[in-house]
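Following the numbering used here, the numbering of the sequence shown begins with 450 at its first residue and continues without gaps.
To start, the structure under review is shown below, and the notes come after it.
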Amino acid sequence: MKKYLLSILLLSACAGPTSHEIAELEQENAIVGGKATPFSDPDLRSVVKIVDGFNRICTGTLIAEQIVLTAAHCVKDGGDLEIFFAADPKKSVMSAELIPHENYQLISEGVMKLKNEHKNDIGLIWLEKPAPKKAVPALMPETLTAPGSRTLHAVGYGRTSSVKNDHGVLRSVDLTAEIRSASPQYFFFDQSIGKGICTGDSGGPLFAKHSGQVSVVVGVVNGADDVDAFFGQPVEGDKCVYTGVGTQVAAYKDWIISTTEKLIAKHGVKRKSTFNEALSTDQALCRKPFPTHEAMKAEILAVSHSGAKSSLGVGGLAIKDENAKLIEAYRYLVTYKSYKFKPEQDIDFWTKFKDLKCDKALCAAEAVFGSEDGVLYLYVAMKYKIILSHLGFDRLKAPTPKDQDEFDAYFKVRPWSKAELGPYLNALTMLPAIQLPTYVRMNHSGILNPVNPNVLSNGIIQFYKPMDAMSDSHKEHTTFHEIAHNYGTFYGLDSSQEWLKASGWVEKEKHFINERPQEFVTDYASKDFFEDFAESFTYYRYYPQVLKLKSPLRYEYFKKTLYKGQEFLSVSDCK
450 MKKYLLSILL
460 LSACAGPTSH
470 EIAELEQENA
480 IVGGKATPFS
490 DPDLRSVVKI
500 VDGFNRICTG
510 TLIAEQIVLT
520 AAHCVKDGGD
530 LEIFFAADPK
540 KSVMSAELIP
550 HENYQLISEG
560 VMKLKNEHKN
570 DIGLIWLEKP
580 APKKAVPALM
590 PETLTAPGSR
600 TLHAVGYGRT
610 SSVKNDHGVL
620 RSVDLTAEIR
630 SASPQYFFFD
640 QSIGKGICTG
650 DSGGPLFAKH
660 SGQVSVVVGV
670 VNGADDVDAF
680 FGQPVEGDKC
690 VYTGVGTQVA
700 AYKDWIISTT
710 EKLIAKHGVK
720 RKSTFNEALS
730 TDQALCRKPF
740 PTHEAMKAEI
750 LAVSHSGAKS
760 SLGVGGLAIK
770 DENAKLIEAY
780 RYLVTYKSYK
790 FKPEQDIDFW
800 TKFKDLKCDK
810 ALCAAEAVFG
820 SEDGVLYLYV
830 AMKYKIILSH
840 LGFDRLKAPT
850 PKDQDEFDAY
860 FKVRPWSKAE
870 LGPYLNALTM
880 LPAIQLPTYV
890 RMNHSGILNP
900 VNPNVLSNGI
910 IQFYKPMDAM
920 SDSHKEHTTF
930 HEIAHNYGTF
940 YGLDSSQEWL
950 KASGWVEKEK
960 HFINERPQEF
970 VTDYASKDFF
980 EDFAESFTYY
990 RYYPQVLKLK
1000 SPLRYEYFKK
1010 TLYKGQEFLS
1020 VSDCK
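What follows is the structure, encoded as structure tokens:
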């Protein structure tokens, strides 16, 4: 009974003065019975240290590019807060807005003078600018953790004892949490065993493992008991040895979502047409660097010397005794051909090359596009069936334009610059080994205000000028999303019965609705089953943990159909 009463009322775990410098991680007992958190800990990527103008510390969790989740009592006093990132300790961002829960209450009562019961002790911080790229938003839970016991991983910058002034170092500890039926929105920790949370850990994350491998931030640290007096007698010594309490994040899911939407609207952040803005920093594993110029050239030559040979006059050049696939790839670089239209006649606008002593695809590509771009364009066409060439549009028919902007988008295609291609090429390396069945053009236009969104996908992936302002990660995700549409269209996957069943789309009264809307990985995915396919496909590669957590059936669908069993959940999956 005594421990239950003590557990009701909490100690605010905001720490006292400390330096703004991030302390070096040391191996020592910490966070009350824990240890310093090594940089190899994946949970570290989302943890932040919050420092106010009086050098008081709280802990928090990055849950979106510009949003930190913490305790309400850490932000209720207002003022400017400086946010330091465990994943990138040398960088910090100032707060732009602090939002404690509107029903947050601090109550002090009881004959034993137990202080600081926090109700609705949850809050958000809107950052002045996006978090550094190394910081990765944590995954959020969908449902409450059921009553009973559960092992949670607590991470924070707090003290190891209320009588020590050793906060500021990031530490972690595994705790056994008790979830009581009478108070299902809370986690309780018996700290008398020498492990727990203390001053400075407030607002920090309580992580749980989902399916034994994916970390989800299920709780926010509120604090530990603060006992000033017991029946009139002062209580001395360490006050972080009683009961610790945390708030279940899922209990405030609706509040977090609605508040986030208001912040996005208030601060003028435009909702991206593809890929959830909260996940602009991906968690993709098994990345492979795009090959060097020499490696691409060597692979082209190896293909040229193998396989079925053919000959064809293309663009004023006679390609002879060349690998048939390379001839096809080169032809697409210099002539227009979309999956919607019949092949056009080759147009000989390469008259200046007519006397060129060149009868191989590589030589021709280098002559037309230059040594570097020629190798790159031919390699990408051969490897991915993606055409980066800006040629073949000026004199050929395009789809009937609906307005001048769309017309210009097709007829004012410009060459790629070397500096801007990086994120687009990175997207190609993330594609499955299964190649597109037909060629797709990927071009860039200088048009500023197209009627259509940033990207069109209709056998032609057309990027408009607004893409230039996007972050590299958003460019990469958007590119992957649009290529995903082509996989869905060309292979008939995104409207197949297998996909509709896996994703929960059903036809009712000549309209399709989704019976499992809680499984959408983004709001944009709810638009229709085509966008759901592209978003889910993108998540399988960039955020597989999220997809597997939110929609196991979608996850298994992509694992089976396009990635043939290949997963990307851990480093051990990389082949």
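A virtual CB, placed ideally from N, CA and C, is assigned to each residue, including glycine.
Could you check how far apart the C-beta atoms of residue i and residue j are, in whole angstroms? I think they sit under 8 Å.
| i | j | result |
| --- | --- | --- |
| A536 | V585 | 7 Å |
| N424 | V698 | In the structure displayed, the chain extends from 450 to 1024; residue 424 sits before or after that span and is not available. |
| D570 | A521 | 5 Å |
| L827 | A810 | 6 Å |
| V669 | L518 | 6 Å |
| L624 | A603 | 5 Å |
| F636 | T692 | With 8 Å as the limit, F636 and T692 do not qualify as a contact, their Cβ atoms being about 11 Å apart. |
| L1002 | A951 | 4 Å |
At which residues does the alpha helix (DSSP H) containing residue i begin and terminate?
| i | result |
| --- | --- |
| S820 | S820 to Y833 |
| R1036 | Residue 1036 lies beyond the range of the chain shown here (450 to 1024); nothing can be said about it. |
| Y635 | First-last for Y635: S632 to D639, but that is the beta strand (DSSP E), not the alpha helix (DSSP H). |
| A521 | No alpha helix (DSSP H) holds A521; DSSP gives it neither H nor E. |
| F1028 | Summary: the structure shown does not reach residue 1028, with the chain confined to residues 450 through 1024, and so no result is reported for it. |
With 16 as the cutoff for other CB atoms within 10 Å, does residue i come out buried or exposed?
| i | result |
| --- | --- |
| K498 | buried |
| C1023 | exposed |
| T971 | buried |
| F656 | buried |
| M543 | exposed |
| K997 | buried |
| V496 | buried |
| A587 | buried |
| T592 | exposed |
| F1007 | buried |
| S985 | buried |
| Q911 | buried |
| S1021 | exposed |
| D981 | buried |
| H893 | buried |
| E771 | buried |
| F790 | Residue confidence is low: F790 scores 33 on pLDDT, short of 50, so the model does not pin down where it sits. No coordinate-derived value is stated. |
| Q853 | Here the model assigns Q853 a pLDDT of 46, short of 50, so the residue's position is not dependable and the matter cannot be decided. |
| D650 | buried |
| H550 | buried |
| K1013 | exposed |
| P738 | exposed |
| G823 | buried |
| K1009 | exposed |
| S729 | Because S729 carries a pLDDT of 42, less than 50, the predicted location of this residue cannot be relied on, and the following value inherits that uncertainty. That one is buried. |
| A626 | buried |
| D716 | Note that residue 716 is His in the sequence shown, not Asp. With fewer than 16 other Cβ atoms within 10 Å, it is exposed. |
| F503 | exposed |
Could you spell out where the beta strand (DSSP E) holding residue i opens and where it closes?
| i | result |
| --- | --- |
| K769 | L766 to N772 |
| H960 | H960 to N963 |
| M916 | From DSSP, M916 is part of no beta strand (DSSP E); its letter is neither H nor E. |
| I499 | V496 to V500 |
| L624 | R620 to R629 |
| E956 | W954 to K957 |
Could you name the residues that DSSP lists as bridge partners for residue i?
| i | result |
| --- | --- |
| Q554 | K568 |
| R780 | Looking at the DSSP assignment, R780 forms no beta bridge with any residue, so it has no partner. |
| P596 | DSSP output for P596 lists no bridge partner at all. |
| M589 | In DSSP, M589 forms no bridge with anything. |
| P579 | Paired residues: none, contrary to the question. |
| P549 | G572 |
| S664 | K658 |
| L949 | L949 pairs with nothing; no bridge assigned. |
| E1016 | Paired residue(s): none; E1016 is not in a bridge. |
| T741 | Paired residues: none, contrary to the question. |
| S759 | E771 |
| F533 | K498 and S541 |
Apart from the five residues on each side of it in sequence, which residues of its chain come closer than 6 Å, Cβ to Cβ, to residue i?
| i | result |
| --- | --- |
| W954 | F961, N963 and F978 |
| E925 | P872, N875 and A876 |
| Y989 | L996 and F1007 |
| V665 | L588, P590, A657 and H659 |
| P864 | H839 |
Report all residues from its chain with a CB closer than 8 Å to the CB of residue i; omit the five preceding and five following residues, and keep chain order.
| i | result |
| --- | --- |
| L750 | L811 |
| A814 | Y779, L782, G823, V824, Y826 and L827 |
| F939 | Y788, L885, P886 and T887 |
| G527 | L547 |
Beta-carbon of residue i versus every beta-carbon of chain B: anything under 8 Å?
| i | result |
| --- | --- |
| Q994 | No chain B appears in this structure, which consists of one protein chain only. |
Leaving out the 5 sequence neighbours to the left and right, which residues in its chain are closer than 7 Å to residue i when beta-carbon positions are compared?
| i | result |
| --- | --- |
| D879 | Per the sequence shown, residue 879 should be read as Met rather than Asp. A733, F929 and R990, listed in sequence order. |
| T708 | I548 and L573 |
| E958 | none |
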